[in-house]
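K.L.:
Under numbering that gives the first Met the number 0, the sequence shown has 42 at position 43, and the numbering climbs by one with no breaks.
Virtual Cβ for every residue (Gly too), placed ideally from N, Cα, C.
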Amino acid sequence: MKFLQIKFREKQPEGFAKRGINWHLCSVIVKKGGKLEVSSNAHLLNSCSQYWFAVLSIHEQLMTLIKITHPIITKVYLRSDKAGCYYTSGLLAALRVVRSSQGIDVVKYDFAEPQHGKDICYR
0 MKFLQIKFRE KQPEGFAKRG INWHLCSVIV KKGGKLEVSS NAHLLNSCSQ
50 YWFAVLSIHE QLMTLIKITH PIITKVYLRS DKAGCYYTSG LLAALRVVRS
100 SQGIDVVKYD FAEPQHGKDI CYR
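1) Could you check the C-alpha separation between Arg78 and Cys47 for me, to the nearest Å?
2) Here's a check: name, in chain order, each residue in its chain whose Cβ is nearer than 7 Å to the Cβ of Ile57, leaving out the five neighbours to either side.
3) What is the rounded straight-line gap between the Cα of Asn21 and the Cα of Val106?
4) With distances taken from CA atoms, which of Cys84, Glu112 and Lys66 is nearest Ser99?
5) Could you spell out where the alpha helix (DSSP H) holding Ala53 opens and where it closes?
6) When the Cα of Val54 is compared with those of Glu112, Ala92, Ile103 and Asp104, which residue comes out closest?
7) Where do the ends of the alpha helix (DSSP H) carrying Ala92 lie?
8) What did DSSP end up calling Ser26 once you bin it into helix, strand or coil?
9) Report the residue from Tyr50, Met62 and Thr68 whose alpha carbon sits nearest the alpha carbon of Glu36.
10) Trp101 to Met62, Cα distance in whole Å?
11) How many Å lie between Thr87 and Lys31 at the Cα?
12) On the three-state DSSP scale, how would you describe Asp109?
13) On the criterion of 16 or more Cβ atoms from any shown chain inside 10 Å, does Tyr76 qualify as buried, or is it exposed?
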């Protein structure tokens with residue numbers, strides 16, 4: 000997803016071919032006492048191309064945050080779209096390294112169909 004800065008009353012031709020800031024949205028759903036608790040995190044990447052190593056760094060930071068806020072969590076289920084930066088063997092193999100350093104096991108990594116599965120991030 001891109002964050003496109005606009006000015007007030009921008010004309011339509013000025014909006015074409017704009018370069019925006021890359022967003023990476025993460026939603027964490029935790030079940031506490033029978034209730035679901037949702038927290039969302041946004042990572043803004045100003046001048047970084049989104050490739051698997053950048054996504055791995057974001058996942059590692061998110062796992063650290065989860066471990067700090069919810070220390071009893073030992074398993075996570077990941078879900079993302081099928082963008083090229085998520086759908087690589089390099090990312091999937093490197094998640095094992097994150098597991099050993101953070102103590103959180105990635106049980107399952109699901110890939111959503113295009114335009115489906117990211118709705119929790121847009122609420």
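P.N.:
According to the structure shown:
1) Linking Arg78 to Cys47 through their CA atoms gives a straight-line distance of about 22 Å.
2) His23 and His42.
3) Across the structure, Asn21 and Val106 are spaced so that their CA atoms are roughly 27 Å apart.
4) Per the Cα distances, Lys66.
5) From DSSP, the alpha helix (DSSP H) with Ala53 extends over Trp51 to Thr68.
6) Minimum Cα distance to Val54 is reached at Ala92.
7) Segment Ser88 to Gln101, the alpha helix (DSSP H) holding Ala92.
8) In the structure shown, Ser26 falls within a strand segment according to DSSP collapsed to helix, strand and coil.
9) Thr68 is the residue among Tyr50, Met62 and Thr68 whose C-alpha sits nearest the C-alpha of Glu36.
10) Checking the displayed sequence, the identity of residue 101 turns out to be Gln instead of Trp. Cα-Cα distance, rounded: 7 Å.
11) Each residue's Cα considered, the two are about 33 Å apart.
12) The three-state reading of DSSP puts Asp109 in strand, counting E and B together.
13) With fewer than 16 other Cβ atoms within 10 Å, it is exposed.
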